[in-house]
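S.K.: Here the protein sequences come in this chain order: A and B.
Using my numbering, count along the first sequence one by one with no gaps and you end on 440.
Using my numbering, count along the second sequence one by one with no gaps and you end on 440.
Using N, Cα and C, we set each Cβ at its ideal position, and we do this for glycine too.
To start, I am sharing the structure in question, which I have written as structure tokens.
There are 2 protein chains.
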Amino acid sequence: MRLSRYFIPVLKEAPSDAQIVSHQLMLRAGLIRQEAAGIYAWLPLGHRVLRKIEQIVREEQDRAGAVEMLMPTIQLADLWRESGRYEDYGQEMLRIVDRHERDLLYGPTNEEMITEIFRAYCKSYKDVPKLLYHIQWKFRDERRPRFGVMRGREFLMKDAYSFDIDEDAARKAYNRMFVAYLNTFARMGLKSVPMRADTGPIGGDLSHEFIVLAETGESEVFCHQDLVEMGAPGADVDFDGDLQPLVDERTALYAATEEMHEADRFAAEVPEDKRLSARGIEVGHIFYFGTKYSEPMKALVTHPDGKERPVHMGSYGVGVSRLMGAIIEASHDENGIIWPESVAPFGVGIINMRSDDADTSAACDKAYEALTKAGKEPLLDDTGERAGAKFATMDLIGLPYQLVIGPRGLKEGKVELKVRRTGEKLELPLDEAIKRLAEG
Amino acid sequence: MRLSRYFIPVLKEAPSDAQIVSHQLMLRAGLIRQEAAGIYAWLPLGHRVLRKIEQIVREEQDRAGAVEMLMPTIQLADLWRESGRYEDYGQEMLRIVDRHERDLLYGPTNEEMITEIFRAYCKSYKDVPKLLYHIQWKFRDERRPRFGVMRGREFLMKDAYSFDIDEDAARKAYNRMFVAYLNTFARMGLKSVPMRADTGPIGGDLSHEFIVLAETGESEVFCHQDLVEMGAPGADVDFDGDLQPLVDERTALYAATEEMHEADRFAAEVPEDKRLSARGIEVGHIFYFGTKYSEPMKALVTHPDGKERPVHMGSYGVGVSRLMGAIIEASHDENGIIWPESVAPFGVGIINMRSDDADTSAACDKAYEALTKAGKEPLLDDTGERAGAKFATMDLIGLPYQLVIGPRGLKEGKVELKVRRTGEKLELPLDEAIKRLAEG
Numbered sequence: 001m002r003l004s005r006y007f008i009p010v011l012k013e014a015p016s017d018a019q020i021v022s023h024q025l026m027l028r029a030g031l032i033r034q035e036a037a038g039i040y041a042w043l044p045l046g047h048r049v050l051r052k053i054e055q056i057v058r059e060e061q062d063r064a065g066a067v068e069m070l071m072p073t074i075q076l077a078d079l080w081r082e083s084g085r086y087e088d089y090g091q092e093m094l095r096i097v098d099r100h101e102r103d104l105l106y107g108p109t110n111e112e113m114i115t116e117i118f119r120a121y122c123k124s125y126k127d128v129p130k131l132l133y134h135i136q137w138k139f140r141d142e143r144r145p146r147f148g149v150m151r152g153r154e155f156l157m158k159d160a161y162s163f164d165i166d167e168d169a170a171r172k173a174y175n176r177m178f179v180a181y182l183n184t185f186a187r188m189g190l191k192s193v194p195m196r197a198d199t200g201p202i203g204g205d206l207s208h209e210f211i212v213l214a215e216t217g218e219s220e221v222f223c224h225q226d227l228v229e230m231g232a233p234g235a236d237v238d239f240d241g242d243l244q245p246l247v248d249e250r251t252a253l254y255a256a257t258e259e260m261h262e263a264d265r266f267a268a269e270v271p272e273d274k275r276l277s278a279r280g281i282e283v284g285h286i287f288y289f290g291t292k293y294s295e296p297m298k299a300l301v302t303h304p305d306g307k308e309r310p311v312h313m314g315s316y317g318v319g320v321s322r323l324m325g326a327i328i329e330a331s332h333d334e335n336g337i338i339w340p341e342s343v344a345p346f347g348v349g350i351i352n353m354r355s356d357d358a359d360t361s362a363a364c365d366k367a368y369e370a371l372t373k374a375g376k377e378p379l380l381d382d383t384g385e386r387a388g389a390k391f392a393t394m395d396l397i398g399l400p401y402q403l404v405i406g407p408r409g410l411k412e413g414k415v416e417l418k419v420r421r422t423g424e425k426l427e428l429p430l431d432e433a434i435k436r437l438a439e440g
Numbered sequence: 001m002r003l004s005r006y007f008i009p010v011l012k013e014a015p016s017d018a019q020i021v022s023h024q025l026m027l028r029a030g031l032i033r034q035e036a037a038g039i040y041a042w043l044p045l046g047h048r049v050l051r052k053i054e055q056i057v058r059e060e061q062d063r064a065g066a067v068e069m070l071m072p073t074i075q076l077a078d079l080w081r082e083s084g085r086y087e088d089y090g091q092e093m094l095r096i097v098d099r100h101e102r103d104l105l106y107g108p109t110n111e112e113m114i115t116e117i118f119r120a121y122c123k124s125y126k127d128v129p130k131l132l133y134h135i136q137w138k139f140r141d142e143r144r145p146r147f148g149v150m151r152g153r154e155f156l157m158k159d160a161y162s163f164d165i166d167e168d169a170a171r172k173a174y175n176r177m178f179v180a181y182l183n184t185f186a187r188m189g190l191k192s193v194p195m196r197a198d199t200g201p202i203g204g205d206l207s208h209e210f211i212v213l214a215e216t217g218e219s220e221v222f223c224h225q226d227l228v229e230m231g232a233p234g235a236d237v238d239f240d241g242d243l244q245p246l247v248d249e250r251t252a253l254y255a256a257t258e259e260m261h262e263a264d265r266f267a268a269e270v271p272e273d274k275r276l277s278a279r280g281i282e283v284g285h286i287f288y289f290g291t292k293y294s295e296p297m298k299a300l301v302t303h304p305d306g307k308e309r310p311v312h313m314g315s316y317g318v319g320v321s322r323l324m325g326a327i328i329e330a331s332h333d334e335n336g337i338i339w340p341e342s343v344a345p346f347g348v349g350i351i352n353m354r355s356d357d358a359d360t361s362a363a364c365d366k367a368y369e370a371l372t373k374a375g376k377e378p379l380l381d382d383t384g385e386r387a388g389a390k391f392a393t394m395d396l397i398g399l400p401y402q403l404v405i406g407p408r409g410l411k412e413g414k415v416e417l418k419v420r421r422t423g424e425k426l427e428l429p430l431d432e433a434i435k436r437l438a439e440g
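Printed below as a string of structure tokens:
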């Protein structure tokens, strides 16, 4: 993309109501614009990152055997009356009345709707297991939306739902999502730790939050240091195989959010030099809830013995738009964002130091064409801005690499290649720089 | 994808309230499920087609130089009060009040919001032209939603907006979209004809609807036969060059929807053997509206002479979800849908005639692996259904090719390759069938 044809409205300063660094940087780097409290437009650069995050989530859901579909944003209130949640949900639910005085709502989550879909078509043990997901906009009317996309009202979420014959089978779906989440967040350059979460009145131990560690995280978390270093299982996992050992390995060690933390257990179970207390951000939540919805909504399947029983369900969420904030919280410096390559809006920024110089522009065009061809998605700053402003913008928007091309360097046959994360700079011939970037 | 792990709930009969063939087939083939009047869930197969249609629209917008972003679904009523449309819009607007008693609405279109975004950042003639688009869910509270996704309430739309210094410059953006639309619809196997549309009180001749011809179309249209055969300019168009000749060629001949039709002119301008009256479906609408929004909303740019003037705007819509219905209306037979290859949910259907036979299953697996590797996205029916039902389902869901593998054929070293559109069947060795499909 040529910046002269693009639209990145960077700001000198973030509005004073942006309290956390990811919110400030997203506004300053022209990723988002607030359109109402907790409601954002995704400007071109932010939209590109959002799509890359979404695509990683999608690929890992697919790999785990989940099947993608798409439910609408607007739902019938009657559906929620069936489960009993319409009244319970409270003011966070955005309630709507249509022209025919019918009660609707903007979906904050989709357990009811997916249960309705399942029960319409699936009646037998032969129809399970099913593991379905969608990536769709949700709305929760937060009393006090804040922290930018971290606690917005309209937000993009991946939610998956599993349907199984019994709890044992449901645990297999749960494990699939558990492992898929580890891989998902690792691909975004994040260190995530699964932490036991409150299951509420249903009980059981099948609920985990996935917490990303970041100095500026929203809440305090406590865990065994080894969990952080354990790494993700990776793309070679056999999702049809037994995933229980992978899950056990990661749930055997202590890990708890502030709400679930037990200081005594932490001290007793974790050696002192392994006790990590840090700040964290919740980016995923998986939950087995048995027949909580299938019972009242009569989603029954006939078992081999001929009897009908409610299907066992779980739900599995990832905060897709929230992840953008979490990634920035985990990866930035005083000059701006530092995107991991996997979610960077563009792979390389090319800075034309003198757009009015024909040789410089020709060299930039050459690099631009070659890197485009190599699939590196370069962003070429071909505007008439002064060099200092171009450097600052490029650091702010945080592309992994910068290729600086100017008339002085070209005379010596050199361009500058800068690594955004380390600040490392190399002077080398243009062809070599292109080759390095194309192969990197 | 293996059908045993997928979810295609086909129906024997369409519900009786489905009046048109695309609605019937979308329900029967398990593409969609109605969740409320005019509100649909996109089941896995339907979701795949929707994403392919969306991706073609996106690629052609990008090629034409439009920049993608994403605006939220929920908007502030105040924004629409600025333009004067909040009261005017009537009952089709879904009005919402949030927990703080603030007036919101579910966006039926985005002229106001994009104008607000433009005016926040762009102040000078140096900041134009801008051509921005997004693909997002919209809501129009139709009094009587009907015809499935053709006239739903929640629907997916691509809307682009152009910002230019004056009408001459705006016409260039208009022409870009005009040509992009021809290419977009052609890639989906549709014959589209641009027809002059009513510009309302603004006047001028810069508004066109893009009409797809289909026997079962919603309204009558009239045009010169040559327009239908003219074809699309194709991917080689230079969008930075002069597009006016391409546009002129397609607007010189008579073409009008029922509302704009003038029988006298039709008779006078079109030779009798070229007079085509047919049924059509509107799938796109482009519109230059000058300063209609920029004036009341004060989206001003400073001209080189130092004076501020309202920016000139246009808007350009494509009904993404509606296109699925239009494609089916234009391409089906008595047995089901016939997807054009570009939007088919899967490229090839492999039918295992005897899932309990090891050799047959091995041959199916071989074909499945090879075609997956070749990027043909096969769907393998590996279920225990009887052969007749498998044939019927495969015809109904309309994949372009079917590869039928059974024990009897294999004994003779043969499989059957069927072309869905023509019904043509070939018997040939498995390897040859794979090769044909992989290279096709």
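Taking only three categories from DSSP, how would you classify Gln-91 (chain A)?
M.R.: helix
S.K.: Run through chain A and tell me which residues come within less than 7 Å of Phe-147 (chain B), C-beta to C-beta.
M.R.: The premise fails here: Phe-147 (chain B) is roughly 17 Å from chain A at the closest Cβ pair, so nothing lies under 7 Å.
S.K.: So for Ala-160 (chain B), helix, strand or coil by DSSP?
M.R.: strand
S.K.: According to DSSP, simplified to helix, strand and coil, what is Asp-166 (chain B)?
M.R.: coil
S.K.: Is the CB of Met-353 (chain B) under 9 Å away from at least one CB in chain A?
M.R.: no
S.K.: Can you pull the DSSP bridge partners for Val-97 (chain A)?
M.R.: For Val-97 (chain A), which the question treats as bridged, DSSP gives the partners A:Asp-103.
S.K.: Report the residues of the region 372 to 390 of chain A with a CB closer than 7 Å to any CB of chain B, ordered along the chain.
M.R.: none
S.K.: Grouping DSSP H, G and I as helix and E and B as strand, with all else coil, what is Met-26 (chain B)?
M.R.: helix
S.K.: With burial defined as no fewer than 16 other Cβ atoms inside 10 Å of the residue's Cβ, what is the status of Gly-306 (chain B): buried or exposed?
M.R.: exposed
S.K.: Starting from Lys-373 (chain B), trace the beta strand (DSSP E) both ways and give me its first and last residue.
M.R.: Note, Lys-373 (chain B): premise wrong, no beta strand (DSSP E); alpha helix (DSSP H) at 358 to 373.
S.K.: With 16 other CB atoms within 10 Å as the buried threshold, where does Lys-12 (chain A) fall?
M.R.: Exposed is the call here.
S.K.: Spatial neighbours of Val-247 (chain B) within its chain, please: CB distance less than 6 Å, with the 5 preceding and 5 following residues excluded, ordered by chain position.
M.R.: Cβ-Cβ distances below 6 Å link Val-247 (chain B) to Asn-175 and Phe-178 in the same chain, with the five nearest sequence neighbours on each side left out; the list follows chain order.
S.K.: Taking Cβ-Cβ distances below 8 Å as the criterion, which residues of the region 234 to 260 of chain B are in contact with chain D?
M.R.: Among the protein chains of the structure shown, namely A and B, there is no chain D.
S.K.: Assuming Ala-36 (chain A) is part of the alpha helix (DSSP H), what are its boundary residues?
M.R.: Run containing Ala-36 (chain A): none in the alpha helix (DSSP H); it sits in the beta strand (DSSP E), 32 to 36.
S.K.: In whole angstroms, what separates the C-alpha of Lys-373 (chain B) from that of Ile-434 (chain B)?
M.R.: 11 Å
S.K.: So, is the C-beta of Thr-291 (chain A) closer than 9 Å to a C-beta in chain B?
M.R.: Judged by the 9 Å Cβ criterion, Thr-291 (chain A) is not in contact with chain B.
S.K.: Any beta-carbon of chain B closer than 9 Å to the one on Thr-393 (chain A)?
M.R.: Not one beta carbon of chain B lies nearer than 9 Å to the beta carbon of Thr-393 (chain A).
S.K.: Start and end of the alpha helix (DSSP H) containing Val-57 (chain A)?
M.R.: 44 to 63
S.K.: Assuming Trp-137 (chain B) is part of the beta strand (DSSP E), what are its boundary residues?
M.R.: 130 to 139
S.K.: Three-state secondary structure (DSSP) at Ser-321 (chain A)?
M.R.: helix
S.K.: Quick one: which chain B residues come within Cβ less than 7 Å of His-47 (chain A)?
M.R.: Glu-68, Met-69 and Leu-70
S.K.: Identify whether Asn-110 (chain B) lies in helix, strand or coil by the three-state DSSP scheme.
M.R.: coil
S.K.: Alpha carbons only, please: which of A:Gln-24, A:Glu-35, A:Glu-329 and A:Glu-54 is nearest the one belonging to Ser-342 (chain A)?
M.R.: A:Glu-54
S.K.: Leaving aside the five residues before and after Ala-255 (chain A) along the sequence, list all residues of the same chain whose C-beta is less than 6 Å from its C-beta, in chain order.
M.R.: Val-193, Met-195, Cys-223 and Leu-227
S.K.: What does the alpha-carbon distance come out to for the pair Ala-267 (chain A) and Arg-279 (chain A)?
M.R.: 19 Å
S.K.: If we define contact as Cβ-Cβ less than 9 Å, is Glu-35 (chain B) a contact residue for chain A?
M.R.: yes
S.K.: Do the region 348 to 368 of chain A and the region 394 to 405 of chain A meet, that is, are 3 or more Cβ pairs less than 8 Å apart?
M.R.: Segment contact: the region 348 to 368 of chain A against the region 394 to 405 of chain A, three or more CB-CB distances shorter than 8 Å; contact assigned.
S.K.: Do the region 33 to 52 of chain A and the region 162 to 176 of chain A meet, that is, are 3 or more Cβ pairs less than 8 Å apart?
M.R.: no
S.K.: Determine whether the Cβ of His-134 (chain A) lies closer than 9 Å to any Cβ atom of chain B.
M.R.: yes
S.K.: Using the beta-carbon of each residue, which ones in chain B are nearer than 9 Å to Ala-120 (chain A)?
M.R.: Pro-9 and Arg-33
S.K.: Is DSSP giving Pro-9 (chain B) helix, strand or coil here?
M.R.: It is coil, neither helix nor strand.
S.K.: Terminal residues of the continuous beta strand (DSSP E) containing Leu-190 (chain A)?
M.R.: Looking at the DSSP string, Leu-190 (chain A) is not in any beta strand (DSSP E), and its letter there is neither H nor E.
S.K.: Would you call the CB atoms of Ile-281 (chain A) and Met-188 (chain A) closer than 9 Å?
M.R.: no
S.K.: Can you list, in chain order, the residues of its chain whose CB lies under 8 Å from that of Asp-141 (chain B), leaving out five sequence neighbours each side?
M.R.: Gln-91, Glu-92, Met-93, Leu-94 and Arg-153
S.K.: Anyone know if the C-beta pair for Ile-286 (chain A) and Gly-319 (chain A) falls short of 9 Å?
M.R.: Against a cut-off of 9 Å, the Cβ pair of Gly-319 (chain A) and Ile-286 (chain A) comes out as no contact.
S.K.: Any idea which residues DSSP pairs Tyr-401 (chain A) with across the strands?
M.R.: DSSP lists A:Val-348 and A:Val-419 as the bridge partner or partners of Tyr-401 (chain A).
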